[in-house]
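S.K.: This is the structure I want to talk about, given as structure tokens.
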DNA sequence: GATTATTGGTTGCCATTGTCAACTAATTAT
DNA sequence: ATAATTAGTTGACAATGGCAACCAATAATC
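Residue numbers (the numbering used here), protein chains in the order written: chain A, 489 to 635; chain B, 489 to 635.
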């Protein structure tokens with residue numbers, strides 16, 4: 489493994505920490521944890537999201553998903569209804585409050601990144617976004633062996 | 489907030505998940521969690537690391553650091569000695585096993601990123617590393633208000 | 001030099017979090 | 001009509017990390 493790869497990996501790990509769980513403590517995030525926000529983001533993305541949709545998106549078992557959705561519901565960010573077409577599935581959706589919260593968190597997250605994002609010109613932002621996209625794609629791509 | 493910033497933030501959040509806790513489950517990582525590996529990396533970086541050094545590096549309280557170091561010691565990745573100069577502080581260092589484990593994890597982590605890293609030419613790697621470095625620097629920089 | 005304050009580390013107790021397996025209820029297949 | 005499947009929930013549990021009280025060693029003060 490080259491030194492280049494080695495360094496990149498360390499940077500990724502560090503970034504994963506700084507922008508992940510670490511970024512979601514303290515008073516910033518409407519009292520939501522990182523994973524709660526991940527769930528919220530998925531629920532926002534797919535309107536009328538079933539529990540297992542949440543589970544899949546955030547890599548939890550379905551019981552874990554039940555629990556995180558319950559928590560979000562208790563906090564008022566989400567509402568859960570029985571589907572009218574199939575009485576087994578839940579339709580989870582953001583409430584007004586949930587939408588406000590995600591918007592607020594997005595602002596706060598941006599502030600956290602501070603000057604850098606503000607000062608980025610469009611080309612640099614594209615460049616970084618492109619890098620991240622390929623990395624994410626690589627990580628998402630189903631792998632055969634190892635791990 | 490511009491759309492550009494918005495998209496970048498989502499990418500960062502996704503990357504933080506994929507390369508953080510998520511990357512460290514399953515059978516890949518010598519049975520270590522993400523935070524355990526973070527601690528291990530810090531201990532490797534600063535030879536004869538005191539407990540509070542670990543705490544500071546990974547954002548835990550000192551009791552949390554005690555716990556994670558104990559866990560690593562029990563698993564045989566780390567040894568803990570009393571400092572000869574100051575009987576209060578611990579000197580934590582990697583064992584042979586710990587060094588092997590970090591190397592193995594590094595390999596596995598690289599494999600996880602799969603083809604992308606392998607195919608990166610030096611210039612692209614530098615570009616990505618540069619982006620991540622500025623983002624990390626921005627996140628590390630002490631901020632005054634908000635959050 | 002003895003006493004007090006400080007500092008590094010540990011521990012008991014606790015809350016949070018997420019898994020597993022067993023369960024219920026609704027739907028689909030036979 | 002009955003059996004099999006599927007979505008979701010729940011009880012019991014293990015892992016994790018914080019808080020505050022604690023111990024022991026060093027540093028500061030008299």
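Every residue gets a Cβ at the ideal spot worked out from N, C-alpha and C, and that includes glycine.
Is any beta-carbon of chain A found at less than 7 Å from that of residue 507 of chain B?
M.R.: Against the second chain, residue 507 of chain B aligns to sequence position 19. Chain A, which has a Cβ nearer than 7 Å to the Cβ of residue 507 of chain B, makes this yes.
S.K.: Alpha carbon to alpha carbon, what distance is there between residue 516 of chain B and residue 599 of chain B?
M.R.: One-based indexing of the second chain puts residue 599 of chain B at position 111. One-based indexing of the second chain puts residue 516 of chain B at position 28. Distance between the alpha carbons of residue 599 of chain B and residue 516 of chain B is about 10 Å.
S.K.: Leaving out five residues before and five after residue 521 of chain A in sequence, what residues of the same chain have Cβ atoms less than 6 Å from its Cβ?
M.R.: The sequence position of residue 521 of chain A within the first chain is 33, counting from 1. Cβ within range, chain order: 512.
S.K.: Just how far apart, CA to CA, sit residue 620 of chain A and residue 573 of chain A?
M.R.: By 1-based counting over the first chain, the position of residue 620 of chain A is 132. By 1-based counting over the first chain, the position of residue 573 of chain A is 85. Going by the C-alpha atoms only, they are around 39 Å apart.
S.K.: Can you give the beta carbon distance from residue 580 of chain A to residue 568 of chain A, rounded, assuming they're within the 8 Å contact cut?
M.R.: For the purposes of this step, residue 580 of chain A is taken as residue 92 along the first chain, with counting starting at 1. For the purposes of this step, residue 568 of chain A is taken as residue 80 along the first chain, with counting starting at 1. About 5 Å separates the two Cβ atoms, so the contact holds.
S.K.: Assuming residue 548 of chain A and residue 500 of chain B form a contact by the criterion Cβ under 8 Å, report the distance between their Cβ atoms to the nearest whole angstrom.
M.R.: Working through the first chain from its first residue, we reach residue 548 of chain A at position 60. Working through the second chain from its first residue, we reach residue 500 of chain B at position 12. Not really, about 21 Å apart at Cβ, beyond 8 Å.
S.K.: Identify, in the order they occur along the chain, each residue of the same chain with its Cβ nearer than 6 Å to the Cβ of residue 634 of chain A, setting aside the five sequence neighbours on each side.
M.R.: Within the first chain, residue 634 of chain A is the residue found at index 146, counting from 1. At residue 634 of chain A the pLDDT is 40, less than 50, meaning the model places this residue with poor confidence; the figure from the coordinates comes in the next sentence. For residue 634 of chain A, where only same-chain residues beyond five positions count, there are no Cβ hits under 6 Å.
S.K.: Does residue 502 of chain B come within less than 7 Å of chain A when only Cβ atoms are used?
M.R.: Position 14 of the second chain holds residue 502 of chain B. Residue 502 of chain B counts as touching chain A.
S.K.: DSSP on residue 555 of chain A, reduced to helix/strand/coil?
M.R.: Here the question's residue 555 of chain A lines up with position 67 in the first chain. In the structure shown, residue 555 of chain A sits in a helix (DSSP, three-state: H, G or I).
S.K.: With DSSP as the reference, please indicate the residues paired to residue 568 of chain B in a beta bridge.
M.R.: By one-based count along the second chain, residue 568 of chain B stands at place 80. Answer is B:580, bridged to residue 568 of chain B.
S.K.: Do residue 556 of chain A and residue 592 of chain A have their C-beta atoms closer together than 7 Å?
M.R.: If you number the first chain from 1, residue 556 of chain A lands on position 68. If you number the first chain from 1, residue 592 of chain A lands on position 104. Cβ distance not < 7 Å, so residue 556 of chain A and residue 592 of chain A don't count as in contact.
S.K.: In terms of residues, what are the limits of the alpha helix (DSSP H) holding residue 614 of chain B?
M.R.: Here residue 614 of chain B refers to the residue found at position 126 when the second chain is read from its first residue. 610-628 is the extent of the alpha helix (DSSP H) around residue 614 of chain B.
S.K.: Which residues bound the alpha helix (DSSP H) around residue 541 of chain A?
M.R.: Counting from 1 along the first chain, the entry for residue 541 of chain A is found at position 53. Note, residue 541 of chain A: alpha helix (DSSP H), 539-546.
S.K.: Going along the chain, which residues of its own chain have a beta-carbon closer than 7 Å to the beta-carbon of residue 550 of chain B, five neighbours each way excluded?
M.R.: The residue labelled residue 550 of chain B in the question sits at position 62 within the second chain. So the qualifying residues of the chain are 539, 540, 543.
S.K.: Quick one: Cα of residue 613 of chain A to Cα of residue 584 of chain B, how far?
M.R.: Walking along the first chain from the start, residue 613 of chain A turns up at place 125. Walking along the second chain from the start, residue 584 of chain B turns up at place 96. In a straight line, the C-alpha of residue 613 of chain A is about 42 Å away from that of residue 584 of chain B.
S.K.: Please confirm whether residue 592 of chain B has its beta-carbon closer than 7 Å to some beta-carbon of chain A.
M.R.: Taking the first residue of the second chain as 1, we reach residue 592 of chain B at position 104. Chain A contact via Cβ: absent.
S.K.: One question on the structure: do residue 589 of chain A and residue 565 of chain A come within less than 7 Å of each other, judged by their Cβ atoms?
M.R.: Here residue 589 of chain A corresponds to residue number 101 of the first chain, with the count starting at 1. Here residue 565 of chain A corresponds to residue number 77 of the first chain, with the count starting at 1. Yes, the pair counts as a contact, with Cβ atoms nearer than the cut-off.
S.K.: To the nearest angstrom, how far is it from the Cα of residue 494 of chain A to the Cα of residue 623 of chain B?
M.R.: Indexing the first chain from 1 puts residue 494 of chain A at position 6. Indexing the second chain from 1 puts residue 623 of chain B at position 135. Each residue's alpha carbon lies about 18 Å from the other.
S.K.: Here's the rule: buried if 16 or more other CB atoms are within 10 angstroms of the residue's CB, otherwise exposed. What is residue 586 of chain A?
M.R.: Locating residue 586 of chain A in the first chain gives position 98, where the first residue counts as 1. Flag for residue 586 of chain A reads buried.
S.K.: Give the straight-line distance between the Cα atoms of residue 523 of chain B and residue 608 of chain A, rounded to the nearest whole angstrom.
M.R.: Sequence index remark: in the second chain, residue 523 of chain B carries index 35 (1-based). Sequence index remark: in the first chain, residue 608 of chain A carries index 120 (1-based). Their Cα atoms are separated by approximately 31 Å.
S.K.: Would DSSP call residue 502 of chain B helix, strand or coil?
M.R.: Looking up residue 502 of chain B in the second chain gives position 14. In the structure shown, residue 502 of chain B sits in a helix (DSSP, three-state: H, G or I).
S.K.: Can you pull the chain A residues whose beta carbon is under 7 Å from the beta carbon of residue 497 of chain B, in chain order?
M.R.: Walking along the second chain from the start, residue 497 of chain B turns up at place 9. Those are 594, 597, 598, listed as they occur along chain A.
S.K.: Measure the Cβ-Cβ separation of residue 553 of chain A and residue 601 of chain B and say whether it is below 7 Å.
M.R.: Position 65 of the first chain, counted from the first residue, corresponds to residue 553 of chain A. Position 113 of the second chain, counted from the first residue, corresponds to residue 601 of chain B. Cβ distance not < 7 Å, so residue 553 of chain A and residue 601 of chain B don't count as in contact.
S.K.: Count the other CB atoms within 10 Å of the CB of residue 610 of chain A; is the residue buried (16 or more) or exposed (fewer)?
M.R.: By one-based count along the first chain, residue 610 of chain A stands at place 122. Classification for residue 610 of chain A: exposed.
S.K.: Please list the partners that residue 526 of chain A has in chain B, where partner means a Cβ-to-Cβ separation under 8 Å.
M.R.: Looking up residue 526 of chain A in the first chain gives position 38. Correct list: 501, 505.
S.K.: Under 7 Å between beta-carbons, which chain B residues line up against residue 604 of chain A? List them in chain order, please.
M.R.: Taking the first residue of the first chain as position 1, residue 604 of chain A is located at position 116. Simply 622, 623, 626.
S.K.: What residue does the alpha helix (DSSP H) around residue 524 of chain A start on, and which one ends it?
M.R.: Translated into the one-based positions of the first chain, residue 524 of chain A becomes position 36. Element bounds for residue 524 of chain A: 522-533.
S.K.: Can you pull the chain B residues whose beta carbon is under 8 Å from the beta carbon of residue 615 of chain A, in chain order?
M.R.: Taking the first residue of the first chain as position 1, residue 615 of chain A is located at position 127. Here the neighbours are 615, 619.
S.K.: How many Å lie between residue 594 of chain A and residue 497 of chain B at the Cα?
M.R.: Residue mapping note: residue 594 of chain A aligns to position 106 of the first chain, counting from 1. Residue mapping note: residue 497 of chain B aligns to position 9 of the second chain, counting from 1. Those two C-alpha atoms are separated by around 8 Å.
S.K.: What is the rounded straight-line gap between the Cα of residue 546 of chain B and the Cα of residue 534 of chain A?
M.R.: In the second chain, residue 546 of chain B corresponds to position 58, counting from 1. In the first chain, residue 534 of chain A corresponds to position 46, counting from 1. Using only the alpha carbons, I get a separation of about 34 Å.
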